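Undergrad: So the sequence lines, in the order shown, correspond to chains C and A. Numbered as in our numbering, the first sequence ends at 648 without a single skipped number. Numbered as in our numbering, the second sequence ends at 179 without a single skipped number.
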Amino acid sequence: MSQGKIKTIDEKFGAIFAEAQRRKNEREAKPVPKIHIGLATCGIAAGAMETKASFEESLAQRGIDAQIHPVGCIGHCYAEPWVIIENTEMGFPPIFYPKVTAGKAKMLTKLYLEEGDPRLEHILGAMEENEMIPTVWEFSRFSEEKRIVMNLCGKIDPDDIYEYIAEEGYVSWAKALKGTPEELLNLVKDSGLRGRGGAGFPTGTKWEIAAKHDSSKKIVICNADEGDPGAYMDRTILESNPHQVLEGLALSAYAIGADTAFIYVRSEYPLAVKTIQKAISQAEEAGLIGKDILGSGFDLEIKIFQGSGAFVCGEETALILSMEGFRGMPYPRPPYPAETGLQGVPTVINNVKTLALVPPIVKNGVSWFRQIGTENSPGTAIFSVVGNVTHPGLVEIPMGISLRSLIFKICGGIPDKKKFKAAQIGGPSGGCLPEEFLDIPIDFDSLIEAGAMIGSGGMVVLDEDTCMVDVSRYFLDFTQKESCGKCTFCRIGTWHLLSILQRLTIGEGKEGDLEKLEQLSRDIKEGSLCGLGKTAPNPVLTSLKYFREEYEAHIKEGRCPAASCRPLTAFYIDLDKCARGCDACVGCCPVDAVFTTSNRKKGIDQDLCIKCGECKVHCPPDYNAIFKISPPHLAPVIERPKEEKETS
Amino acid sequence: MDDVVLTSEDKAALEELRSQLDRYEKSTANLIPILQMIQEKVKFLPPAAIKMVAGFLEIPSSQVYGVATFYNQFKFNPPGKNPIKVCLGTACHVRAGDIILENFERKLGIREGETTEDREFSIDRVACVGCCALAPVAIMGKTVHGHMAPSKVEGLVMRVQIEREKAERERQKNESGQN
Numbered sequence: 001m002s003q004g005k006i007k008t009i010d011e012k013f014g015a016i017f018a019e020a021q022r023r024k025n026e027r028e029a030k031p032v033p034k035i036h037i038g039l040a041t042c043g044i045a046a047g048a049m050e051t052k053a054s055f056e057e058s059l060a061q062r063g064i065d066a067q068i069h070p071v072g073c074i075g076h077c078y079a080e081p082w083v084i085i086e087n088t089e090m091g092f093p094p095i096f097y098p099k100v101t102a103g104k105a106k107m108l109t110k111l112y113l114e115e116g117d118p119r120l121e122h123i124l125g126a127m128e129e130n131e132m133i134p135t136v137w138e139f140s141r142f143s144e145e146k147r148i149v150m151n152l153c154g155k156i157d158p159d160d161i162y163e164y165i166a167e168e169g170y171v172s173w174a175k176a177l178k179g180t181p182e183e184l185l186n187l188v189k190d191s192g193l194r195g196r197g198g199a200g201f202p203t204g205t206k207w208e209i210a211a212k213h214d215s216s217k218k219i220v221i222c223n224a225d226e227g228d229p230g231a232y233m234d235r236t237i238l239e240s241n242p243h244q245v246l247e248g249l250a251l252s253a254y255a256i257g258a259d260t261a262f263i264y265v266r267s268e269y270p271l272a273v274k275t276i277q278k279a280i281s282q283a284e285e286a287g288l289i290g291k292d293i294l295g296s297g298f299d300l301e302i303k304i305f306q307g308s309g310a311f312v313c314g315e316e317t318a319l320i321l322s323m324e325g326f327r328g329m330p331y332p333r334p335p336y337p338a339e340t341g342l343q344g345v346p347t348v349i350n351n352v353k354t355l356a357l358v359p360p361i362v363k364n365g366v367s368w369f370r371q372i373g374t375e376n377s378p379g380t381a382i383f384s385v386v387g388n389v390t391h392p393g394l395v396e397i398p399m400g401i402s403l404r405s406l407i408f409k410i411c412g413g414i415p416d417k418k419k420f421k422a423a424q425i426g427g428p429s430g431g432c433l434p435e436e437f438l439d440i441p442i443d444f445d446s447l448i449e450a451g452a453m454i455g456s457g458g459m460v461v462l463d464e465d466t467c468m469v470d471v472s473r474y475f476l477d478f479t480q481k482e483s484c485g486k487c488t489f490c491r492i493g494t495w496h497l498l499s500i501l502q503r504l505t506i507g508e509g510k511e512g513d514l515e516k517l518e519q520l521s522r523d524i525k526e527g528s529l530c531g532l533g534k535t536a537p538n539p540v541l542t543s544l545k546y547f548r549e550e551y552e553a554h555i556k557e558g559r560c561p562a563a564s565c566r567p568l569t570a571f572y573i574d575l576d577k578c579a580r581g582c583d584a585c586v587g588c589c590p591v592d593a594v595f596t597t598s599n600r601k602k603g604i605d606q607d608l609c610i611k612c613g614e615c616k617v618h619c620p621p622d623y624n625a626i627f628k629i630s631p632p633h634l635a636p637v638i639e640r641p642k643e644e645k646e647t648s
Numbered sequence: 001m002d003d004v005v006l007t008s009e010d011k012a013a014l015e016e017l018r019s020q021l022d023r024y025e026k027s028t029a030n031l032i033p034i035l036q037m038i039q040e041k042v043k044f045l046p047p048a049a050i051k052m053v054a055g056f057l058e059i060p061s062s063q064v065y066g067v068a069t070f071y072n073q074f075k076f077n078p079p080g081k082n083p084i085k086v087c088l089g090t091a092c093h094v095r096a097g098d099i100i101l102e103n104f105e106r107k108l109g110i111r112e113g114e115t116t117e118d119r120e121f122s123i124d125r126v127a128c129v130g131c132c133a134l135a136p137v138a139i140m141g142k143t144v145h146g147h148m149a150p151s152k153v154e155g156l157v158m159r160v161q162i163e164r165e166k167a168e169r170e171r172q173k174n175e176s177g178q179n
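(1) Short of 8 Å in beta carbon distance, which residues of its chain neighbour C:N624, apart from the five on each side in sequence? Order them along the chain.
(2) Taking 8 Å as the threshold (C-beta atoms), are C:A318 and C:G328 in contact?
(3) So if DSSP puts C:I68 in a beta bridge, which residue, or which two residues, is it bridged to?
(4) Along the region 163-177 of chain A, what residues have a CB closer than 7 Å to any CB found in chain C?
(5) Restricting to Cα atoms, I'd like to know which of A:C131, A:Y24, A:A133 and A:G109 is closest to A:I123.
(6) Residues of the region 129-156 of chain C in Cβ contact with chain A at a cutoff of 8 Å, in chain order, please.
(7) Give the range of the alpha helix (DSSP H) segment to which C:C585 is assigned.
(8) Is A:E154 close to chain C, meaning its C-beta is less than 8 Å from at least one C-beta of that chain?
(9) Give the residues of chain A in contact with C:I466, contact being defined as C-beta atoms less than 9 Å apart.
(10) Following the continuous beta strand (DSSP E) through C:T596, name the residue where it begins and the one where it ends.
(11) Give the straight-line distance between the Cα atoms of C:I263 and C:D157, rounded to the nearest whole angstrom.
(12) Which residues, in order along the region 25-57 of chain C, keep a beta-carbon less than 9 Å from a beta-carbon of chain A?
(13) Per DSSP, what kind of secondary structure is A:G177 in: helix, strand or coil?
(14) Quick one: is C:I414 buried, meaning 16 or more other Cβ sit within 10 Å of its Cβ, or exposed?
(15) Pop quiz: C:V149 and C:I237 are said to be a contact at Cβ under 8 Å. What is the actual Cβ separation, rounded to whole angstroms?
(16) From the beta carbon of C:M90, is the nearest beta carbon of chain A less than 8 Å away?
(17) Nearest chain A C-beta to C:A60 closer than 8 Å, yes or no?
(18) My assumption, with CB atoms under 8 Å, is that C:Q405 sits in contact with C:G426. Please give the rounded CB distance.
(19) Where C:S216 and C:A210 are concerned, what is the direct C-alpha to C-alpha distance, given to the nearest angstrom?
(20) Could you check what DSSP says for A:H145 in three-state terms: helix, strand or coil?
(21) Are the beta-carbon atoms of C:I304 and C:I221 separated by less than 8 Å?
(22) Which one or two residues does DSSP pair with C:V220 in a beta bridge?
(23) Evaluate A:L31 with the Cβ neighbour count: other Cβ atoms within 10 Å of its Cβ, from every protein chain shown; 16 or more gives buried, anything less gives exposed.
(24) Against A:F74, what residues of chain C qualify as contacts under a CB-to-CB distance less than 8 Å, listed in chain order?
(25) Starting from the Cα of C:A60, find the closest Cα among C:A199, C:V362, C:E464 and C:E114 and give me that residue.
(26) Leaving out five residues before and five after A:N82 in sequence, what residues of the same chain have Cβ atoms less than 7 Å from its Cβ?
(27) Run down chain C in chain order and give the residues with a C-beta less than 8 Å from the C-beta of A:P83.
(28) Which ranges does the beta strand (DSSP E) cover as unbroken runs of at least 3 residues, wholly within the region 439-521 of chain C, from first to last along the chain?
(29) Counting only Cβ pairs nearer than 7 Å, list the residues of chain A close to C:L462.
(30) Could you tell me the alpha carbon to alpha carbon distance between C:G257 and C:G230, rounded to whole angstroms?
(31) List in chain order: all unbroken alpha helix (DSSP H) runs of 4+ residues lying wholly within the region 86-140 of chain C.
(32) Considering only their Cβ atoms, is the gap separating C:A310 from A:N77 smaller than 8 Å?
(33) If you scan the region 97-165 of chain A from start to end, which runs of the beta strand (DSSP E) of 3 or more residues do you find wholly inside it?
(34) Going by alpha carbons, who is nearest to A:R125 out of A:V94, A:D118 and A:G89?
(35) Should C:K7 go down as buried or exposed, given a rule of 16 or more other Cβ atoms within 10 Å for buried?
Have a look at this one:
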């Protein structure tokens, strides 16, 4: 690149950067309290819009001048809807408040913003070191994380490109444009970055195949077709910091020489679609994408394609077909899309997280990236930790830390004094790992060795009340519905697997079922073309391996050890504990299965009971008279009294 | 699928679509974006719309159906005025989301993917709305209801019915007032 061009890029980007800094300083210099509210889909679902409206209303009512700053998601789902209030004028550090309902927002406006009392009983902690209030950084949910991808999520307004640029956004893009594509490609190769979409394929290698191809047209695609029913980090990243993904996508386009880029995002994520649309037009306006970017002579057009919701479209060949207007059915590779992809041209497809990792690597260099994580899996991993865990949400951790520290130290372990049973990692393609695996390091290879995989990054923590057979059935039900139907083993094999599992959960298991499950699982793995079929039996295989006795109890005794499979359990009322005259269970039963016995205690009509467990929840803790038992015939029989005569 | 009864609004929306189609290039690559546009406007894909798209792109209707039925997004039943979506993501499943779905189904007398005859309610299952901390979750209209329980199902449905009856009474009162 000529010196003249480098100078132009520096000048053009310098002007944008200076403008961003100016806006930031102006914002920060305003002597008013700032209220940051997380307004991504998850926050809105938890009621953040009502919280925002309540703040606006009560601020106006009291005539307080404050700035409401909408930001993305910080990943701390247990705290939704959260706000951070910066009130430096009154001498307080920024404070994090969890679960701020509309009512709490009103209260905080009056007591904190007007009267100066931060109501310490409602805080989670301060966001900065200070001498008054303990910080959130003493809380391992915050301090043990290492945020590279999600660093700015929940800090900046996703709808304002200048907020991203002020935090050194697009610096890597300007830096890369001053160098050659080969330099950028080698940097990514040397960094050892592996694709975060599931398989962990080296990103640099994928790019190199396309870069070496002599086609005059090339395409890059950002795969945001998140389909795992328990993972939502791609959506969160797109909604909270879309520009980091755009920057990564632009970098990948530059490295391989593509002039067209697509973001394949699910149309079920309307907010993500809107946010990314806005981000693209802002980046175009600023001249960071489009024609002759920053005077470098490089052109790039970024478009959105809305996916229509098919799990199999996460597979790159299926994704390409769906963009061409066909059913998303994978086809055999090679040729790899990096050689012949969309419209027959070399196409590189990368996951959202992979792309979002590229700008920090370009900015901070290979050695910085390599010191995070492990030798073969450098960098961080993002998990959405959900299920029976105290502090669920999105967690970004360096590769290589143990499952135990992720679940118990960072996410607070299992609530309600229950025992840990298993961690289901990688969604429908992953596996269930029991307690003895808690100390293995989290990285691509160790998890595959144990029978699970990072996959989509979904992690469901299961406690002792979860039935492993039912969990397998749940995932199989999902993959069976999502199988595209191309390969016989996947189409029919998963159907058979599912029907055997269904039989087990209703107590109709037979001798030999387990062997059949294993055989079928192995056959499906071998006889399927794409990742969906090859990994679909994983939940079954791992749970059979580690929890075989649970399967056996279902078959031999008709018993569900966790008392979770409904046809194999019964609820009953312990008459010694039941209180006369209390009608809590009668009132809450949706099917009128609870009746009053002759001595005014209660009984459950097993024929009517749908086993929803509502009565158990409503039975006052003083009595605690309702029990769950498996197999159901062990429940004591309480006769329903004969129809009382109508008294006229 | 032919038994879908179209309301006058549906028919008007379909008429309008004809002019919208001309904005698209006649290429199969536009099939999914066109179907998405129709679903956005009509809220579902009636057989007439499928035929219209097939005619426009000059491909067989069966191909359009094939693509439309492959993807989860496309609906072939009109949604109710109060669409109910029950989350059956992993976290909600572990916390008994299926019982919530079952309760809605029993209460309204329809199955998932169906709409009540008066087009008041429809039930769908969705995979993860992303507020797993609130599991189990159901969405009615645009409101997310967290920590669902069977008794809450009853309450939600009843609330809609009561509000409808109230609106009906108001309307009658106004009408009689005018006369």
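C-beta atoms are modelled at their ideal positions from N, C-alpha and C, and glycine is treated no differently. Bear in mind the structure is a predicted one, so any value in this text is a computation, not a measurement.
TA: On the basis of the coordinates in this document:
(1) In chain order, K577 place their CB closer than 8 Å to the CB of C:N624, counting only its own chain and leaving out the 5 sequence neighbours on each side.
(2) Contact: yes.
(3) Looking at the DSSP output, C:I68 bridges to C:I35.
(4) Cβ contacts with chain C come from no residue of the region 163-177 of chain A.
(5) A:I123 has its Cα closest to that of A:G109, out of A:C131, A:Y24, A:A133 and A:G109.
(6) The residues in question: there are none.
(7) That run of the alpha helix (DSSP H) goes A584 to C588.
(8) At least one C-beta of chain C is nearer than 8 Å to the C-beta of A:E154.
(9) Reading off the sequence shown, one finds Thr at residue 466 of chain C, where the question assumed Ile. Those within 9 Å of C:T466 in chain A are V94.
(10) Its beta strand (DSSP E) spans residues V594 to T596.
(11) Note on geometry: alpha-carbon atoms of C:I263 and C:D157 lie some 20 Å from one another.
(12) Within the region 25-57 of chain C, the residues whose Cβ lies closer than 9 Å to any Cβ of chain A are, in chain order, A40, T41, C42, G43, I44, A45, A46 and G47.
(13) Reduced to three states, the DSSP call for A:G177 is helix.
(14) By the 10 Å Cβ count, C:I414 comes out buried.
(15) With a Cβ gap of about 6 Å, C:V149 and C:I237 count as contacting.
(16) So, not an interface residue.
(17) No, no contact with chain A.
(18) As written in the sequence, residue 405 of chain C is Ser, which differs from the Gln given in the question. For a cut-off of 8 Å, the C-beta gap from C:S405 to C:G426 is around 19 Å, too long to register as a contact.
(19) Each residue's alpha carbon lies about 11 Å from the other.
(20) It is a strand residue.
(21) In this structure, C:I221 does not lie closer than 8 Å to C:I304 by Cβ.
(22) In DSSP, C:V220 forms a bridge with C:A261 and C:V348.
(23) Buried, because 16 or more other Cβ atoms sit within 10 Å of the Cβ of A:L31.
(24) Counting only Cβ-Cβ distances below 8 Å, A:F74 has contacts in chain C at S308, in chain order.
(25) Measuring C-alpha to C-alpha distances from C:A60 to each of C:A199, C:V362, C:E464 and C:E114 identifies C:E114 as the nearest.
(26) Around A:N82: E120, F121, M140, G141 and V160.
(27) Here the premise fails: no neighbours, minimum Cβ distance about 14 Å.
(28) Counting whole runs of 3 or more residues, the region 439-521 of chain C contains the beta strand (DSSP E) stretches 458-463.
(29) Chain-order list of chain A residues neighbouring C:L462: V94, by C-beta distance under 7 Å.
(30) Taking C-alpha positions only, C:G257 is separated from C:G230 by approximately 35 Å.
(31) Correct list: 102-108.
(32) Not closer than 8 Å, so no.
(33) Correct list: 121-126, 138-140 and 143-145.
(34) Relative to the Cα of A:R125, the nearest Cα in the group A:V94, A:D118 and A:G89 belongs to A:G89.
(35) Classification of C:K7: exposed, given that the 10 Å Cβ count is below 16.
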